[in-house]
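Chemist:
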Amino acid sequence: IGQPVIASIDMRAIPDWQTFLKDYKKLEIYAMAVHHIDAFRYLFGDPEKITAVCRTDPRTKFEHTDGIVQYTFQYKDGLMATSLDDVWAWPEEPCEKHNYINWRVEGTDGFAEGDIGWHKREPEFCGSTLRLACKAYPNQWIEPKWETMWFPDAFVGTMASLLRAVESGTEPKISARDNIRTLACVEACYKSIAEEKTVYLSEILK
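3 is the number of the first residue of the sequence shown in our numbering; add one for each residue after it.
1. Could you tell me whether the region 5 to 16 touches the region 94 to 114, using the rule of 3 or more Cβ pairs below 8 Å?
2. Assuming residue 148 and residue 129 make a contact with CB atoms under 8 Å, what is their CB distance in whole Å?
3. Could you tell me which residues DSSP pairs with residue 108 in its beta bridges?
4. Applying the 10 Å Cβ sphere with the 16-neighbour rule, what's the burial state of residue 54?
5. Tell me, which residues are paired with residue 51 by DSSP?
6. Given this structure, state the Cα-to-Cα distance separating residue 59 from residue 173, to the nearest angstrom.
7. Give every residue of the same chain whose Cβ lies closer than 7 Å to the Cβ of residue 188, excluding the five residues on either side of it in the sequence, and list them in chain order.
8. Give every residue of the same chain whose Cβ lies closer than 7 Å to the Cβ of residue 137, excluding the five residues on either side of it in the sequence, and list them in chain order.
9. Around the C-beta of residue 195, are 16 or more other C-beta atoms found within 10 angstroms, so that it is buried, or is it exposed?
10. Give the straight-line distance between the Cα atoms of residue 4 and residue 49, rounded to the nearest whole angstrom.
11. Please specify which runs of the alpha helix (DSSP H), each continuous and at least 4 residues long, are wholly inside the region 135 to 183, giving them in chain order.
12. Quick check on residue 70: buried or exposed, where buried means 16 or more other Cβ atoms within 10 Å of its Cβ?
13. Can you give me the start and stop residues for the alpha helix (DSSP H) that residue 87 sits inside?
14. Considering Cα atoms alone, identify which of 205, 99 and 29 is closest to residue 122.
15. In three-state DSSP terms, what is residue 26?
16. If you check the beta carbons only, do residue 214 and residue 132 fall under 8 Å apart?
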(Lines of atoms letter the chains of each structure in order from A and count residues from 1; the text may use other names and numbers.)
(Lines give C-alpha, C1' and ligand atoms only; values in the text may rest on other atoms or scores of the structure.)
Protein backbone atom coordinates (compact mmCIF):
# COMPACT_ATOMS: atom_id res chain seq x y z
CA ILE A 1 0.00 0.00 0.00
CA GLY A 2 3.05 2.25 -0.16
CA GLN A 3 3.86 4.74 2.58
CA PRO A 4 1.18 4.67 5.32
CA VAL A 5 -0.75 7.96 5.52
CA ILE A 6 -3.51 7.36 8.06
CA ALA A 7 -4.74 4.39 10.10
CA SER A 8 -7.90 4.02 12.13
CA ILE A 9 -9.81 1.65 14.39
CA ASP A 10 -13.52 2.28 14.95
CA MET A 11 -14.77 0.10 17.80
CA ARG A 12 -18.47 -0.05 18.71
CA ALA A 13 -18.51 -3.11 20.96
CA ILE A 14 -19.14 -4.03 24.58
CA PRO A 15 -16.35 -5.83 26.49
CA ASP A 16 -16.96 -8.07 29.47
CA TRP A 17 -15.03 -6.20 32.15
CA GLN A 18 -13.10 -8.52 34.46
CA THR A 19 -13.96 -8.11 38.13
CA PHE A 20 -10.45 -7.07 39.22
CA LEU A 21 -10.85 -3.87 37.16
CA LYS A 22 -13.29 -2.57 39.77
CA ASP A 23 -10.30 -1.92 42.04
CA TYR A 24 -8.87 0.65 39.61
CA LYS A 25 -10.19 4.00 38.45
CA LYS A 26 -8.39 3.47 35.15
CA LEU A 27 -10.34 1.14 32.89
CA GLU A 28 -10.67 1.15 29.11
CA ILE A 29 -7.14 2.05 28.06
CA TYR A 30 -5.58 -0.58 30.34
CA ALA A 31 -8.12 -3.30 29.58
CA MET A 32 -9.14 -2.72 25.94
CA ALA A 33 -7.24 0.06 24.17
CA VAL A 34 -3.90 -1.55 25.04
CA HIS A 35 -4.60 -4.11 22.29
CA HIS A 36 -5.23 -1.41 19.69
CA ILE A 37 -2.18 0.53 20.87
CA ASP A 38 -0.10 -2.64 20.54
CA ALA A 39 -1.43 -3.13 16.99
CA PHE A 40 -0.44 0.41 16.02
CA ARG A 41 3.05 -0.14 17.45
CA TYR A 42 3.39 -3.52 15.72
CA LEU A 43 2.52 -1.98 12.36
CA PHE A 44 4.11 1.46 12.63
CA GLY A 45 6.52 1.54 15.59
CA ASP A 46 6.60 4.10 18.37
CA PRO A 47 4.71 7.37 17.80
CA GLU A 48 6.33 10.71 18.43
CA LYS A 49 3.35 12.09 20.35
CA ILE A 50 -0.09 11.08 21.61
CA THR A 51 -3.34 12.93 22.23
CA ALA A 52 -6.23 11.30 24.10
CA VAL A 53 -9.67 12.31 25.36
CA CYS A 54 -12.28 10.30 27.24
CA ARG A 55 -15.58 10.20 29.09
CA THR A 56 -17.20 7.68 31.44
CA ASP A 57 -19.32 4.79 30.16
CA PRO A 58 -22.97 4.93 31.32
CA ARG A 59 -23.22 1.12 31.41
CA THR A 60 -20.21 0.65 33.71
CA LYS A 61 -21.51 1.27 37.23
CA PHE A 62 -18.25 1.09 39.18
CA GLU A 63 -16.02 4.17 39.44
CA HIS A 64 -13.80 4.80 36.44
CA THR A 65 -12.24 7.63 34.48
CA ASP A 66 -11.91 6.27 30.96
CA GLY A 67 -14.94 4.44 29.61
CA ILE A 68 -15.19 5.77 26.06
CA VAL A 69 -11.82 6.88 24.69
CA GLN A 70 -10.39 8.44 21.54
CA TYR A 71 -6.64 8.65 21.01
CA THR A 72 -4.39 9.69 18.15
CA PHE A 73 -0.77 8.70 17.57
CA GLN A 74 1.31 11.10 15.49
CA TYR A 75 4.54 9.96 13.84
CA LYS A 76 7.57 11.94 12.69
CA ASP A 77 6.85 11.08 9.05
CA GLY A 78 3.35 12.58 9.26
CA LEU A 79 1.41 9.33 9.74
CA MET A 80 -1.59 9.54 12.05
CA ALA A 81 -3.09 6.44 13.72
CA THR A 82 -6.32 7.02 15.61
CA SER A 83 -8.80 4.83 17.48
CA LEU A 84 -12.27 5.47 18.84
CA ASP A 85 -13.05 2.89 21.53
CA ASP A 86 -16.79 3.13 22.16
CA VAL A 87 -17.76 0.56 24.79
CA TRP A 88 -21.25 2.05 25.20
CA ALA A 89 -22.16 1.13 21.60
CA TRP A 90 -25.73 0.02 22.30
CA PRO A 91 -28.38 1.20 24.80
CA GLU A 92 -29.68 -2.39 25.16
CA GLU A 93 -33.11 -3.92 24.53
CA PRO A 94 -35.46 -3.12 22.89
CA CYS A 95 -33.16 -0.96 20.73
CA GLU A 96 -31.84 -2.60 17.56
CA LYS A 97 -28.17 -3.58 17.77
CA HIS A 98 -25.32 -2.79 15.37
CA ASN A 99 -21.95 -3.47 16.97
CA TYR A 100 -18.71 -3.71 15.02
CA ILE A 101 -14.95 -3.14 15.14
CA ASN A 102 -13.60 -1.87 11.82
CA TRP A 103 -10.01 -1.00 10.97
CA ARG A 104 -8.39 0.66 7.95
CA VAL A 105 -4.87 1.63 6.87
CA GLU A 106 -4.51 3.99 3.90
CA GLY A 107 -1.24 4.37 2.03
CA THR A 108 0.12 6.27 -0.95
CA ASP A 109 -0.41 3.25 -3.27
CA GLY A 110 -3.41 1.48 -1.77
CA PHE A 111 -5.28 0.64 1.40
CA ALA A 112 -6.19 -2.30 3.62
CA GLU A 113 -9.29 -2.70 5.74
CA GLY A 114 -11.24 -5.27 7.69
CA ASP A 115 -12.86 -6.03 10.99
CA ILE A 116 -11.83 -7.47 14.36
CA GLY A 117 -14.11 -10.27 15.44
CA TRP A 118 -13.74 -10.97 19.17
CA HIS A 119 -17.12 -9.37 20.02
CA LYS A 120 -19.10 -11.64 17.68
CA ARG A 121 -20.94 -14.77 18.81
CA GLU A 122 -21.33 -18.14 17.10
CA PRO A 123 -22.70 -19.25 14.67
CA GLU A 124 -21.34 -16.02 13.16
CA PHE A 125 -17.65 -16.27 12.20
CA CYS A 126 -15.78 -14.74 15.14
CA GLY A 127 -12.42 -14.28 13.47
CA SER A 128 -11.01 -11.11 11.97
CA THR A 129 -10.97 -10.14 8.29
CA LEU A 130 -8.68 -8.37 5.83
CA ARG A 131 -9.07 -7.06 2.31
CA LEU A 132 -6.64 -5.00 0.25
CA ALA A 133 -6.81 -2.76 -2.83
CA CYS A 134 -3.74 -1.21 -4.46
CA LYS A 135 -2.33 0.22 -7.67
CA ALA A 136 -0.13 -2.84 -8.20
CA TYR A 137 -3.24 -5.05 -8.61
CA PRO A 138 -5.69 -2.69 -10.32
CA ASN A 139 -9.48 -3.02 -10.29
CA GLN A 140 -9.62 -5.88 -7.81
CA TRP A 141 -9.76 -6.78 -4.14
CA ILE A 142 -7.23 -9.11 -2.52
CA GLU A 143 -9.07 -10.97 0.22
CA PRO A 144 -7.15 -13.67 2.11
CA LYS A 145 -9.27 -16.05 4.21
CA TRP A 146 -8.51 -18.05 7.34
CA GLU A 147 -10.41 -20.11 9.88
CA THR A 148 -8.47 -19.20 13.01
CA MET A 149 -9.88 -16.85 15.65
CA TRP A 150 -8.57 -14.86 18.61
CA PHE A 151 -9.58 -17.62 21.00
CA PRO A 152 -8.54 -20.36 21.25
CA ASP A 153 -5.96 -19.84 18.51
CA ALA A 154 -3.98 -17.17 20.38
CA PHE A 155 -2.93 -19.91 22.79
CA VAL A 156 -0.92 -21.64 20.05
CA GLY A 157 0.66 -18.39 18.86
CA THR A 158 1.89 -15.58 21.07
CA MET A 159 0.99 -17.23 24.37
CA ALA A 160 2.64 -20.52 23.43
CA SER A 161 5.75 -18.61 22.39
CA LEU A 162 5.95 -17.08 25.86
CA LEU A 163 5.58 -20.46 27.57
CA ARG A 164 8.30 -21.98 25.35
CA ALA A 165 10.60 -19.06 26.19
CA VAL A 166 10.05 -19.64 29.92
CA GLU A 167 10.77 -23.36 29.53
CA SER A 168 13.89 -22.87 27.41
CA GLY A 169 15.25 -19.70 29.00
CA THR A 170 15.22 -17.91 25.63
CA GLU A 171 13.75 -14.61 24.50
CA PRO A 172 10.08 -14.82 23.38
CA LYS A 173 9.12 -13.66 19.88
CA ILE A 174 7.39 -10.66 21.44
CA SER A 175 9.74 -9.34 24.11
CA ALA A 176 8.66 -7.99 27.47
CA ARG A 177 11.15 -5.18 26.83
CA ASP A 178 9.06 -4.18 23.83
CA ASN A 179 5.83 -4.51 25.84
CA ILE A 180 7.12 -1.82 28.19
CA ARG A 181 7.00 0.63 25.29
CA THR A 182 3.34 -0.24 24.69
CA LEU A 183 2.68 0.48 28.37
CA ALA A 184 4.51 3.79 27.95
CA CYS A 185 2.01 4.67 25.21
CA VAL A 186 -0.82 3.72 27.59
CA GLU A 187 0.62 6.03 30.24
CA ALA A 188 0.99 8.79 27.65
CA CYS A 189 -2.74 8.46 26.93
CA TYR A 190 -3.58 8.84 30.61
CA LYS A 191 -1.20 11.79 30.96
CA SER A 192 -2.78 13.45 27.93
CA ILE A 193 -6.25 13.01 29.46
CA ALA A 194 -5.21 14.26 32.90
CA GLU A 195 -3.31 17.29 31.61
CA GLU A 196 -5.57 17.98 28.61
CA LYS A 197 -2.67 18.23 26.18
CA THR A 198 -0.63 16.34 23.61
CA VAL A 199 2.12 14.25 25.22
CA TYR A 200 5.45 13.34 23.62
CA LEU A 201 6.33 9.68 24.19
CA SER A 202 9.82 10.82 25.20
CA GLU A 203 8.23 12.40 28.30
CA ILE A 204 7.28 8.90 29.47
CA LEU A 205 10.38 7.04 28.27
CA LYS A 206 12.86 9.16 30.19
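Beta carbons are placed, not taken as given, at the ideal position from N, Cα and C, and that holds for glycine.
Modeler: Answer, in terms of the structure:
1. yes
2. 7 Å
3. 8 and 113
4. Counting Cβ neighbours within 10 Å, residue 54 comes out buried, since at least 16 surround it.
5. 76 and 202
6. 39 Å
7. 31, 32, 36 and 39
8. 111 and 112
9. Residue 195 is buried by the Cβ-count criterion.
10. 19 Å
11. DSSP runs (the alpha helix (DSSP H)) wholly in the region 135 to 183: 152 to 155 and 160 to 170.
12. buried
13. Note, residue 87: premise wrong, no alpha helix (DSSP H); beta strand (DSSP E) at 82 to 88.
14. 99
15. coil
16. This structure gives no information on residue 214, because the portion of the chain shown stretches from 3 to 208.
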